[in-house]
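Encoded as structure tokens, the structure appears first; notes follow it.
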Ligand SMILES: Cc1ncc(COP(=O)(O)O)c(C=O)c1O
């Protein structure tokens, strides 16, 4: 009963096979290899236009480096309070931007709206005495398992651009969002106004692989220096290129995400039938966030279930009452019906 995260699972065999296939012989290093070249071409094909993309090893590095291309040290990045960049990256965005400030805002389901962004921007009245708002970052799928529809992304991007901000999207779970929305990757990124995307791979079947994808080439100027300086330019870059090529080939990335999403939906439907359990948020990607009695939570842990309680703002649309706890279950590309059904059966038995 393992539902702690989507990176508790191993890698997709097709990706490991691609790394093995790339293992023979010698090749150019530092990303000048053919696998990396083909990976960037494949990313361009996925987005339906040429992109400038850089492969890196972790999502935190992808986010922090992407932001460093958008924001000067005296700048501010506006984001949701629960955003990974704000809560889980140990100050890396601040470090890589040379000191820019992250400004967290609230919003149900970890989603932001034009109204929230507008109200916060209106509070910048001190000129050079405070930081300058330079970027807006949204997470797709969000930290609370919800997704932004293309029209929502467009409204936010249009507004942010109108106020002089660049837009970054943290897509550590971008595949889950696209699989859930059923839209094209273009519709929810550059066509909606996103300037830079952190495109995730690790959570969805890669070994260690993320990409920083620029839709505006001008913003990528000098990015190669930033990546090197951050220790993210892998000398044996062929292994990153091979992973990305295999990840995108024949839609593997979307198939894996669809499996994880389907298992989350099954889990949400099952959990909704457990006495005392409420689901305050829609399950739109591969994460399920129930409110449940603390006693049931403790019994599930004792029975061997592995998942986390979720601190922070909570559901935002519901209250966690005395004797209750807000928790997170994450499914992955290898989660099976049997895995989900075992958890639901245990919850029903213990409730
Ligand atoms: C929303 C989000 N962004 C980015 C990341 C990437 O993190 P890492 O640096 O662990 O690869 C994660 C991982 O948990 C995440 O959930």
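In our numbering, the protein residues as written are 391 to 741. From the three backbone atoms N, C-alpha and C, an ideal C-beta is built for every residue, glycine too.
Residue i bridges to which residues according to DSSP?
i, result
"residue 442", "604"
"residue 560", "529 and 588"
"residue 470", "495"
"residue 715", "682"
"residue 720", "677"
"residue 805", "Because the chain here runs from 391 to 741, residue 805 falls outside it and cannot be looked at."
Considering only the beta carbon of each residue, do residue i and residue j sit closer than 8 Å?
i, j, result
"residue 455", "residue 617", "yes"
"residue 449", "residue 588", "yes"
"residue 667", "residue 713", "no"
"residue 700", "residue 679", "yes"
"residue 529", "residue 650", "no"
"residue 504", "residue 437", "no"
"residue 653", "residue 730", "yes"
"residue 637", "residue 595", "yes"
"residue 426", "residue 445", "yes"
"residue 533", "residue 565", "no"
"residue 520", "residue 514", "yes"
"residue 494", "residue 473", "yes"
"residue 543", "residue 582", "yes"
"residue 459", "residue 609", "yes"
"residue 453", "residue 585", "no"
"residue 579", "residue 613", "no"
Let me know if residue i comes out buried or exposed under the rule of 16 or more other beta-carbons within 10 Å of its beta-carbon.
i, result
"residue 418", "exposed"
"residue 563", "buried"
"residue 687", "buried"
"residue 682", "buried"
"residue 476", "buried"
"residue 413", "exposed"
"residue 396", "buried"
"residue 497", "buried"
"residue 486", "buried"
"residue 656", "buried"
"residue 339", "No answer is possible for residue 339: it lies beyond the span of the chain, which begins at 391 and ends at 741."
"residue 663", "exposed"
"residue 727", "exposed"
"residue 556", "buried"
"residue 788", "Outside the modelled stretch of the chain, which goes from 391 to 741, sits residue 788, for which no answer is possible."
"residue 697", "buried"
"residue 541", "exposed"
"residue 536", "buried"
"residue 692", "exposed"
"residue 591", "buried"
"residue 482", "buried"
"residue 410", "exposed"
DSSP three-state call for residue i: helix, strand or coil?
i, result
"residue 450", "helix"
"residue 598", "coil"
"residue 406", "helix"
"residue 621", "coil"
"residue 465", "strand"
"residue 483", "helix"
"residue 522", "strand"
"residue 423", "coil"
"residue 699", "strand"
"residue 710", "coil"
"residue 593", "helix"
"residue 476", "helix"
"residue 579", "coil"
"residue 416", "coil"
"residue 613", "helix"
"residue 540", "helix"
"residue 516", "coil"
"residue 503", "coil"
"residue 398", "coil"
"residue 488", "coil"
"residue 510", "helix"
"residue 628", "helix"
"residue 553", "coil"
Examine ligand 3 and report whether any of its heavy atoms sits within less than 7 Å of the Cβ of residue i.
i, result
"residue 699", "Ligand 3 is absent from the structure shown, which contains only ligand 1."
Could you give the uninterrupted runs of the alpha helix (DSSP H) lying entirely in the segment 635–692, keeping only those of 4 residues or more? 642–661 and 684–692
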